[in-house]
Amino acid sequence: MKLSTALLATAGVISSPIVALGAEWDGSRFAWYSSDSANTFANALPIGNGRLGAAVHGGGVEKVVLNENSMWSGPWQDRVNKNARASLDGIWRNLLAGQITAAGQSAMTNLAADPTSPRAYNPLVNLGVDFGHASLGTGYARWLDTYEGTAGVNYTLNGVNYSREYVASHPHGVLAFRFNAGTAGKLSVKLSLSRERSVTAQTASTARGGLSAHSVSLNANSGQTSGAINFWSEARIVNSGGTATSDGKTVSVTRADTIDVFFNAETSYRYADAAQAQAELKRKLDAAVSAGFPAVKAAAIKDVTSLIGRTKLDLGSSGSAGKLATPTRLGNFKRTPDADPELITLMFNFGRHSLVASSRDTGPRSLPANLQGIWNDNYNPPWQSKFTININLQMNYWPALITNLAETMKPVFDLISIATPRAQAVAKSMYGCDGMVLHHNTDLWGDAAPVDKGTPYTVWPMGATWLSDDAMEHYRFTKNTTFLRTTAWPVLLETAKFHFCSLRDWNGFHTAGPSLSPEHAFLVPSGLTQANKAEGLDISIEMDNQLLRQLFTNILTACSLLNLTDPACERSKSYLPRIRPPGVSPRTGRIMEWRVDYPEQEPAHRHFSPLWGLYPSKQLTPAVNASLAAAGKKLIDYRMQSGSGSTGWSRAWAINLYARLFEGDTAWRHIQEFIKKYPTGNLWNSDNGPGTAFQIDGNFGLTAGIAEMLLQSHGAVHLLPALPRAVVKGSVKGLVARGDFVVDIAWEGGGKVVNATVTSRKGGALALLVGDGKRSFEVNGKAYAGPIETVVGGVYTVAAMS
1 MKLSTALLAT AGVISSPIVA LGAEWDGSRF AWYSSDSANT FANALPIGNG RLGAAVHGGG
61 VEKVVLNENS MWSGPWQDRV NKNARASLDG IWRNLLAGQI TAAGQSAMTN LAADPTSPRA
121 YNPLVNLGVD FGHASLGTGY ARWLDTYEGT AGVNYTLNGV NYSREYVASH PHGVLAFRFN
181 AGTAGKLSVK LSLSRERSVT AQTASTARGG LSAHSVSLNA NSGQTSGAIN FWSEARIVNS
241 GGTATSDGKT VSVTRADTID VFFNAETSYR YADAAQAQAE LKRKLDAAVS AGFPAVKAAA
301 IKDVTSLIGR TKLDLGSSGS AGKLATPTRL GNFKRTPDAD PELITLMFNF GRHSLVASSR
361 DTGPRSLPAN LQGIWNDNYN PPWQSKFTIN INLQMNYWPA LITNLAETMK PVFDLISIAT
421 PRAQAVAKSM YGCDGMVLHH NTDLWGDAAP VDKGTPYTVW PMGATWLSDD AMEHYRFTKN
481 TTFLRTTAWP VLLETAKFHF CSLRDWNGFH TAGPSLSPEH AFLVPSGLTQ ANKAEGLDIS
541 IEMDNQLLRQ LFTNILTACS LLNLTDPACE RSKSYLPRIR PPGVSPRTGR IMEWRVDYPE
601 QEPAHRHFSP LWGLYPSKQL TPAVNASLAA AGKKLIDYRM QSGSGSTGWS RAWAINLYAR
661 LFEGDTAWRH IQEFIKKYPT GNLWNSDNGP GTAFQIDGNF GLTAGIAEML LQSHGAVHLL
721 PALPRAVVKG SVKGLVARGD FVVDIAWEGG GKVVNATVTS RKGGALALLV GDGKRSFEVN
781 GKAYAGPIET VVGGVYTVAA MS
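Structure (structure tokens):
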């Protein structure tokens, strides 16, 4: 007998092959464990379908932490400081007069928003599954499959083999999991859901079709209900064999063979009313239950592997070292990192898995990966788990294009679209300008007001400017002219409109300010006030100038490609030469972070903001400007020698910077240092090592940095530009270069290209470099002598000259 049961829920689950402890694990694909998570979130295994996330603990009383990416702490708030517009002139005058502290104090009074922060990302619910197992018997294994996007648990207890499979299905829009006993009638479980706050209804029933849902109102401690986020969630339980009963809060299934659970949640964020949300909830669950677990699992794996399978990396074999359990490998890596190159490959694959799991096109109002991707068990998460747009959100997507996952960026552009009206309103109310402005954080509502309250981080009106370049970068990789016209151009134009209005003249330059260098303070020098005080606010910040230079360059490029006659085209042409060029300190030879060679408060600061033009931009790269690249190298060397790279994401940025400088050995060393220090038990990046805050940006930045060592594309498609000497032999397939060229490379000792192919997806000119750029090579059997005009679908084979 098969009984369909409705259970209160908002859940996520995962799926995996059934594997016994001691099996041959692929050390570059699987993270696996011989014990449960010990109820530690940073040991739980993360899966997701881009909207729903789950973290699996794997205990005898299973706890699955469930998330839905629009579950935030409340409605939008108009936080703009009403004094802002009237105060800007006075703050500017104070900065010009050297009254730095007075300017900062005025900014905190008149520009900082109230309340100081937008909304926070919140958990959905925990699903509890009590198996009644006091111990987990023998042969316990728990694993995450980074290729299929599934996870699982199996063990033997009292002669019975128990298994659990966990799947996050993008095609069906649900989470699904299967519990199984190898002996008929030996599976008994009690299922329940728990949430710490704001639960307005919670029921469970065994009646066929008697679906049970609950809604939650989150009022963000404001006492408001208007606009609050509500959600409705439901789990369907289908048991093969056995009996199901309910006490109204839990469902108990006894003496079953197999139990399948299908879960979905929908929120008011995406629907006009409760009826629409509940109808969508029911539609997805009906379809999943009708299809059955095997079909849901198969569709999910087919979907995920179609993305993950595009790129394959081999950095060398670890032999038996790569077969060990992940905690053992992490411990061994601290002592002998060279013995386990497959752990580096696993981290690369884990980053791509995490991006696919936390960022997909899920329909209207898709949301990007936040500071924790999609996984959160805390109602007061670190930094509110917001979208931090002075580095962190952007870093989340650094691997998207180069590792062939361009589709995962669609939620970023959805968020920009959501934010645009808010950003236009703030540009007008704060600055008296047309166009759009974002500061250093936003949330799911597109909140555009300044965030927090401190002179080194609050007033930074460049968030939209950076995001506009991400849109242009998407075009540079994909060559999608429709995207350029309909998505990138509007963002570029609205951002440029703001800067045409807000920039002021200083020393003959168009200058942004008040602004800051995220999130770094300088010490006010003697002669200015207050001397020796740490401040952050100033004008003509180096990062701002690099962003402005890129913006106006992007505008001109788009105008040419789209044959536009918009006034912004001519204005950008006149503005571009009047952006202050990078300054190099005559005292240190380093790129200057501010307009004055201020002493920095923190030489080891975690942000490399004045090196934005080196990575992710190309303005300071060796091929563009060798002298500025050398000054940039002096800055990052100085920072790292002083102790920078002190957070996981900061170390990941350093890896990418060194790769751009063709310092492959240095980048490799920092990759190893990253893995020695920052991963938690489940491979998440941490702020400062296990036990500190989880931030997923470091995982994504690490994946991007590994790719950047193997392929760069600034004008030329550059194969193995920063290959470390330690990686004697290896291969990579499916990386993508700007111009929409797909690149496969195999190499051996000394970085010799054994074979490489470049597939042109859009046609166009293909310029090539190999290694240090001085190596001779053949293309399709002929000596390469210069750029090749490719055809769509053409394959071009590159090999070392014999």
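Heads up, the sequence shown is in the UniProt record's numbering, so the first residue is 1 and it goes up one at a time.
Positions of the beta carbon are idealized from the N, C-alpha and C atoms, including for glycine.
As the structure is a prediction and not an experimental result, all values here were calculated from the model.
- For Thr486, there is no enclosing alpha helix (DSSP H), since its DSSP letter is neither H nor E.
- For Trp747, the uninterrupted beta strand (DSSP E) segment begins and ends at 741-748.
- Met801 is the residue among Met801, Asn755, Asp597 whose C-alpha sits nearest the C-alpha of Ser776.
- Each of Ala275, Leu564, Thr345 was checked against the Cα of Gly27, and the nearest Cα belongs to Thr345.
- Per the coordinates, the alpha-carbon of Thr267 lies some 27 Å from the alpha-carbon of Ala464.
- Here Leu516 is near Val459, since their CB atoms are less than 8 Å apart.
- Per DSSP, reduced to three states, the secondary structure at Pro610 is helical.
- Taking C-beta atoms as the reference points, Leu315 and Gly730 count as a pair closer than 8 Å.
- Of the other Cβ atoms in all chains shown, 16 or more fall within 10 Å of the Cβ of Asp687; this residue is therefore buried.
- In this structure, Asp443 keeps its C-beta atom at 8 Å or more from the C-beta atom of Pro690.
- In this structure, Ser468 is the residue among Ser468, Asn332, Ser366 with its C-alpha nearest to the C-alpha of Asn390.
- Annotation for Phe231: the continuous beta strand (DSSP E) segment containing it runs 229-240.
- Of the residues Phe350, Phe177, Ile237, Pro123, the one whose Cα lies closest to the Cα of Gly681 is Phe350.
- For Arg142, the secondary structure class from DSSP, reduced to helix, strand or coil, is strand.
- For Pro411, the uninterrupted alpha helix (DSSP H) segment begins and ends at 410-431.
- Asn332 places its beta carbon 8 Å or farther from that of Ala325.
- Cβ-Cβ separation between Ile237 and Trp72: approximately 29 Å, too far for a contact (criterion under 8 Å).
- Leaving aside the five residues that flank Ser429 on each side, the residues in its chain whose CB is nearer than 6 Å to its CB run, in chain order, Val80.
- Ala488 sits away from Ala419, with the two beta carbons spaced by 8 Å or more.
- Nearest C-alpha to Tyr155 among Tyr147, Gly149, Arg164, Glu148: Arg164.
- Gln695 and Tyr784 have their C-alpha atoms some 44 Å from each other.
- Of the candidates His510, Trp466, Gln384, Gly508, the residue whose Cα lies closest to the Cα of Val491 is Trp466.
- Sequence-distant Cβ neighbours of Ser194 in its own chain, meaning closer than 8 Å and more than five residues away, are Val125, Asn126, Gly128.
- According to DSSP, residue pairing for Arg310 in a beta bridge does not occur.
- One alpha carbon belongs to Thr703, the other to Val253, and they sit about 43 Å apart.
- For His670, there is no enclosing beta strand (DSSP E); the enclosing alpha helix (DSSP H) has its first and last residue at 664-677.
- DSSP places Gly48 in the uninterrupted beta strand (DSSP E) bounded by 45-48.
- Cβ neighbours of Asn49 within its own chain (closer than 6 Å, five residues either side excluded): Ala168, Ser169, His170.
- Taking one beta carbon from each stretch, the stretch 390-410 and the stretch 720-729 have fewer than 3 pairs nearer than 8 Å; the two do not touch.
- Take the alpha-carbon of Met108 and the one of Val791: they are about 56 Å apart.
- In the displayed model, Thr305 falls within a helix according to three-state DSSP.
- By the beta-carbon neighbour count (other beta carbons within 10 angstroms, threshold 16), Gly786 is exposed.
- Phe179 is the residue among Gly53, Phe498, Phe179, Leu88 whose C-alpha sits nearest the C-alpha of Val61.
- The criterion of a C-beta distance shorter than 8 Å is satisfied by Phe131 and Val189.
- Taking each of Ala288, Ala659, Ser290, Ala265 in turn and checking the Cα distance to Gln278, the smallest one comes out for Ala265.
- With respect to the 8 Å criterion, Met436 and Ile675 are not classified as neighbours on the basis of their beta carbons.
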